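Numbering-wise, our numbering comes out as the position in the sequence shown, counting from 1, plus 90. Reviewing the structure listed below.
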Amino acid sequence: MCDLIYQPLLYCYLLIGLLIPKKQPDNVNHPLHVSTTNVNFNAQEGKLELTCTVFTDDFESAIAKQYKVKTDLSKPDMHAAMDGLVKNYISNHVQIKTNDKALTLNYLGFEVDREAVNVYLESNKILAFKKVSAEISILHNLYDDQINIVHITENGTRKSTKLEYPETKVSQSF
């Protein structure tokens with residue numbers, strides 16, 4: 091008799107569980123922690139141009155953890171306040187050298203593009219170079235499975251490197 095009652099009850103629970111949509115938590119983390127840094131030599135300007143692309147939620151978490159502040163890179167009314175934090179974070183986690191000489195990188199700004207943030211930097215005018223070195227530690231303060239992909243392009247030749255945590259340094263010769 092109990093089997094007759096429990097079996098339909100089990101089917102009801104299964105059916106209800108399948109039919110009622112489950113609300114996803116607002117802060118679902120994605121399983122891949124990756125950033126890309128594109129370093130391009132603009133021969134006309136004589137400058138290196140950098141674009142760092144990072145998932146917005148990860149970038150906000152890394153900045154919040156490092157500076158102990160609330161972050162929201164997507165809100166236009168917070169853009170000015172976030173600008174300084176993004177500049178400081180990137181300047182602490184991205185360094186570039188040409189021919190073993192450290193470059194000053196000028197922060198140009200950031201923009202949110204769907205689920206990613208693009209941060210733009212450029213060097214001062216530089217002389218010809220044979221070697222570019224980069225030290226990239228974006229999100230290393232947050233994830234120990236972080237991957238930073240670095241693309242360095244000079245005169246149409248692109249060389250790419252995958253830096254897996256804890257690696258931070260790459261060097262390419264042209």
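C-beta: ideal position from N, C-alpha, C; glycine also. No experiment lies behind these values; they were computed from the predicted model shown.
**OP:** Measure the CB-CB distance between Ser-227 and His-183 and report whether it falls below 8 angstroms.
**Re:** yes
Problem set entry | CA-to-CA distance, Gly-199 to Phe-219, given in whole angstroms | 26 angstroms
### Task
Below 7 angstroms CB to CB, which residues in the same chain sit around Ser-263 once its five sequence neighbours on both sides are set aside?
Closer than 7 angstroms at the Cβ level, and outside the excluded window around Ser-263, lie Lys-220, Lys-221.
Exercise for review: Following the continuous beta strand (DSSP E) through Glu-212, name the residue where it begins and the one where it ends.
Suggested key: 206–213
_Counted within 10 angstroms of its Cβ, other Cβ atoms place Asn-245 as buried (16 or more) or exposed_ = That one is exposed.
Review point. Does DSSP classify Thr-143 as helix, strand or coil?
Key: Here Thr-143 carries a strand assignment [DSSP, helix/strand/coil].
query: Below 8 angstroms, can you find three or more Cβ-Cβ pairs linking the segment 189–197 to the segment 211–218?
result: yes
- Query: Between the segment 245–260 and the segment 150–165, do at least 3 Cβ pairs fall closer than 8 angstroms?
  - Reply: no
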